[in-house]
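Visitor:
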Ligand code: GLN
């Protein structure tokens, strides 16, 4: 599939449309239908049009790149200078960063067009956007369902045709699961491939920024634009490779692993849909191998311990003094901080801070946190070893299709458990892309995950690209230029 970005970019260059016209079409569509989906929590049309105008000037001079003039959405935890970036939390009400995230710097330099902030679960903790202080986003495929989370607003925006692509973040599945629930493409890059500078931290050793897009080539174009070493992020790496120029669709002799632990206990329709992809790849000349990783299931508890531990530390800075919301009516600083945090954080965030504080406390540190780190090491080592035998693993993204509204708050443990397909990837620091593989009998999208070794985004995206024609992203809603 050529993808929207390439198509629009060609139209911009051939002057059959201007970025101002394209951006206006998106702003109009947001105006018309964002009320239905709550995908954007804020939109700045004037700013978007300013960027679009400059993009048109750049293109007129024969300059610019793949993303010049292309309108996109930004998850509400990625800092943009002067733009409210509240992580959809009351505690960051009105917070305007004084700097741009590294990824935003890159997109601004390319004169891509930022439309506004996308809805998300509070501080990226959740799987449905229902923990957002701005209310949940709804799934454009069927509004009785959530678009997934935490980057659900971005996925909803892309599926509904309110943005060409969206920047999301993925700590335990937050790009891939919303992509799967909405029938879009979501890439979680290798840990270190994309700078986290300016990403408001949840679990710093797991967080990665990546694209949600309407095609594999779109996701590759965004990945190419935002990846690369950044001295301001100590964990960033110079090893990332470009992906757009490797999309041939040739998967001959590609070694694909079927990891049986991934297919146990998942919805039969999801299982069948994802398994049917193996037949496609075999026909295309790929080599299928059954592999096993018994430690896979241990990744889930390890994730919730590590992520919560890091969150409890990262979120310590929200004290009513430095950022956002401050409670009123207090007699001492201690009371002010206590009240601010009690009133400013939502229930799920508080639950995770408490869990994280508990697993880090003296007496429990060894039993939980240290043990989780050991499990992490063994899962990462086992995954590494697997990637000696295969190039790509195929797996489900989520054991079910999209959750109905209000499911997650009544089924907290089940919702955590549903992350078991995505979190091993974060635990191991490897890249994975989620692409649509089919639909359930209820008409809900089913996602499939292609997982690769570190810094093989080009390999997994090419494998995804090969499959994409058999089940492309539907781009039948919103702006359809
Ligand atoms: N569902 C996962 C969680 O709630 C994913 C979070 C994420 O990737 N930000 O932790």
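In this note's numbering, the protein residues as written are 3 to 483.
For each residue, glycine too, the CB sits at the ideal point set by N, CA and C.
Here the structure is a predicted model, which is why all the values come from computation and not from measurement.
#1: What are the boundary residues of the beta strand (DSSP E) that residue 257 is part of?
#2: Does any heavy atom of the ligand GLN sit closer than 7 Å to the C-beta of residue 128?
#3: In whole angstroms, give me the CA-to-CA distance for residue 318 and residue 204.
#4: State yes or no: is the beta carbon of residue 148 nearer than 8 Å to at least one beta carbon in chain B?
#5: So is the beta-carbon of residue 449 under 7 Å away from any non-hydrogen atom of the ligand GLN?
#6: Determine the extent of the beta strand (DSSP E) in which residue 44 is found, giving its start and end residues.
#7: So, are the CB atoms of residue 164 and residue 480 less than 8 Å apart?
#8: Which of the three DSSP states, helix, strand or coil, is assigned to residue 450?
#9: Quick one: what does DSSP say residue 93 is sitting in, helix, strand or coil?
#10: Report, in whole angstroms, the separation of the C-beta atoms of residue 275 and residue 439, which I expect to be a contact under 8 Å.
#11: Find the nearest neighbour of residue 37 within the set 328, 178 and 142, judged by alpha-carbon distance.
#12: Please classify residue 2: does DSSP put it in a helix, a strand, or coil?
#13: Given a cut-off of 8 Å on the beta-carbon distance, is the pair residue 268 and residue 398 in contact?
#14: What residue range does the alpha helix (DSSP H) around residue 425 cover?
#15: Going by beta-carbon coordinates alone, are residue 186 and residue 214 separated by less than 8 Å?
#16: Could you tell me the boundaries of the alpha helix (DSSP H) in which residue 32 lies?
#17: Applying the 10 Å Cβ sphere with the 16-neighbour rule, what's the burial state of residue 116?
#18: Should residue 447 be labelled buried (16 or more other beta-carbon atoms within 10 Å of its own) or exposed?
#19: What I want to know is whether the C-beta of residue 204 ends up closer than 7 Å to one or more non-hydrogen atoms of the ligand GLN.
#20: Among 266, 207, 10 and 378, which one has its Cα closest to the Cα of residue 67?
#21: If the criterion is Cβ atoms closer than 8 Å, does the pair residue 166 and residue 6 meet it?
#22: Tell me where the beta strand (DSSP E) around residue 119 begins and ends.
#23: How many angstroms separate the CA atom of residue 83 from the CA atom of residue 424?
#24: May I have a chain-ordered list of the beta strand (DSSP E) segments no shorter than 3 residues that lie completely inside the region 225-285?
#25: With DSSP collapsed to three states, give me the class of residue 397.
#26: Closer than 7 Å to a non-hydrogen atom of the ligand GLN - does that hold for the CB of residue 279?
#27: Give the C-beta separation of residue 101 and residue 230 to the nearest angstrom, bearing in mind that I take them to be a contact with Cβ-Cβ under 8 Å.
#28: Hey, residue 288 and residue 253 are a contact pair by Cβ (cut 8 Å); roughly how many whole angstroms apart?
#29: Which residues in the same chain have their Cβ closer than 6 Å to the Cβ of residue 361, if we skip the five residues on either side of it in sequence?
#30: Verify the contact flag: residue 103, CB atom, against every heavy atom of the ligand GLN, threshold strictly below 7 Å.
#31: Pick from 280, 313 and 326: whose alpha carbon is nearest that of residue 357?
#32: What residue range does the beta strand (DSSP E) around residue 438 cover?
#33: Using the C-alpha atoms, what's the distance from residue 414 back to residue 127?
#34: If I'm right that residue 403 touches residue 442 with Cβ under 8 Å, what's the distance once you round it to whole angstroms?
#35: Determine the DSSP secondary structure at residue 219, reduced to helix, strand or coil.
#36: Restricting to Cα atoms, I'd like to know which of 62, 63, 58 and 106 is closest to residue 81.
Guide: So, from the data block:
#1: Taking the chain shown and counting its residues from 1, one reaches residue 257 at position 255. From DSSP, the beta strand (DSSP E) with residue 257 extends over 257-261.
#2: Position 126 of the chain shown, counting from 1, holds the residue named residue 128. Yes, the Cβ of residue 128 comes within 7 Å of a heavy atom of the ligand GLN.
#3: The residue you call residue 318 lines up with position 316 of the chain shown. The residue you call residue 204 lines up with position 202 of the chain shown. About 11 Å.
#4: Absent here is chain B; the protein component of the structure consists of one chain.
#5: For this step, residue 449 is matched to residue 447 along the chain shown. It does not: the Cβ of residue 449 is nowhere closer than 7 Å to a heavy atom of the ligand GLN.
#6: For the purposes of this step, residue 44 is taken as the residue at position 42 of the chain shown. Unbroken beta strand (DSSP E) run through residue 44: 42-45.
#7: Translated into the one-based positions of the chain shown, residue 164 becomes position 162. Translated into the one-based positions of the chain shown, residue 480 becomes position 478. It is a contact, given that the beta carbons lie within the stated cut-off.
#8: Position 448 of the chain shown holds residue 450. Residue 450 falls in the strand class under three-state DSSP.
#9: Within the chain shown, residue 93 is the residue found at index 91, counting from 1. Looking at residue 93 - three-state DSSP - the assignment turns out to be helix.
#10: For this step, residue 275 is matched to residue 273 along the chain shown. For this step, residue 439 is matched to residue 437 along the chain shown. Their Cβ separation, rounded to whole angstroms, is 5 Å, which keeps residue 275 and residue 439 in contact under 8 Å.
#11: Against the chain shown, residue 37 aligns to sequence position 35. Among 328, 178 and 142, the Cα nearest to that of residue 37 is on 142.
#12: What the structure shows of the chain is the stretch from 3 to 483, and residue 2 is not part of that stretch, so it cannot be assessed.
#13: Here residue 268 refers to the residue found at position 266 when the chain shown is read from its first residue. Here residue 398 refers to the residue found at position 396 when the chain shown is read from its first residue. Going by C-beta atoms, residue 268 is nearer than 8 Å to residue 398.
#14: If you number the chain shown from 1, residue 425 lands on position 423. 425-430 is the extent of the alpha helix (DSSP H) around residue 425.
#15: Here the question's residue 186 lines up with position 184 in the chain shown. Here the question's residue 214 lines up with position 212 in the chain shown. Going by C-beta atoms, residue 186 is nearer than 8 Å to residue 214.
#16: Against the chain shown, residue 32 aligns to sequence position 30. It spans 21-39 - the alpha helix (DSSP H) in which residue 32 sits, taken as one unbroken run.
#17: Residue numbering aside, residue 116 sits at position 114 when the chain shown is read from its first letter. Buried, because 16 or more other Cβ atoms sit within 10 Å of the Cβ of residue 116.
#18: Here residue 447 corresponds to residue number 445 of the chain shown, with the count starting at 1. With 16 or more other Cβ atoms within 10 Å, it is buried.
#19: Here residue 204 refers to the residue found at position 202 of the chain shown. It does: the Cβ of residue 204 is within 7 Å (strictly closer) of some heavy atom of the ligand GLN.
#20: As a position in the chain shown, residue 67 is number 65, starting the count at 1. Minimum Cα distance to residue 67 is reached at 10.
#21: In the chain shown, the residue the question calls residue 166 occupies position 164. In the chain shown, the residue the question calls residue 6 occupies position 4. Yes, the pair counts as a contact, with Cβ atoms nearer than the cut-off.
#22: As a working note, residue 119 is residue 117 in the chain shown. Looking at the DSSP string, the run of the beta strand (DSSP E) that includes residue 119 is 115-120.
#23: As a position in the chain shown, residue 83 is number 81, starting the count at 1. As a position in the chain shown, residue 424 is number 422, starting the count at 1. In a straight line, the C-alpha of residue 83 is about 31 Å away from that of residue 424.
#24: 257-261
#25: For the purposes of this step, residue 397 is identified with residue 395 of the chain shown, where counting begins at 1. Looking at residue 397 - three-state DSSP - the assignment turns out to be strand.
#26: Looking up residue 279 in the chain shown gives position 277. Incorrect: residue 279 has no Cβ contact closer than 7 Å to the ligand GLN.
#27: What you label residue 101 is simply residue 99 of the chain shown in a count that begins at 1. What you label residue 230 is simply residue 228 of the chain shown in a count that begins at 1. That pair is no contact at about 18 Å.
#28: Numbered from its first residue, the chain shown carries residue 288 at position 286. Numbered from its first residue, the chain shown carries residue 253 at position 251. With 8 Å as the limit, residue 288 and residue 253 qualify as a contact, their Cβ atoms being about 5 Å apart.
#29: Reading the chain shown from its first residue, position 359 is the one you call residue 361. Result list for residue 361: 307, 311, 370 and 371, in chain order.
#30: Mapped onto the chain shown, residue 103 falls at position 101. It does not: the Cβ of residue 103 is nowhere closer than 7 Å to a heavy atom of the ligand GLN.
#31: Within the chain shown, numbered from 1, the residue matching residue 357 stands at position 355. That would be 313, whose Cα lies nearest to the Cα of residue 357.
#32: In the chain shown, counting from the first residue as 1, residue 438 sits at position 436. Per DSSP, residue 438 belongs to the beta strand (DSSP E) from 434-441.
#33: Looking up residue 127 in the chain shown gives position 125. Looking up residue 414 in the chain shown gives position 412. Using only the alpha carbons, I get a separation of about 12 Å.
#34: The count along the chain shown starts at 1 and reaches residue 403 at position 401. The count along the chain shown starts at 1 and reaches residue 442 at position 440. Indeed, because the Cβ distance is near 5 Å, the residues count as touching under 8 Å.
#35: Mapped onto the chain shown, residue 219 falls at position 217. Three-state DSSP puts residue 219 in a helix.
#36: Working through the chain shown from its first residue, we reach residue 81 at position 79. Answer by Cα proximity: 106.
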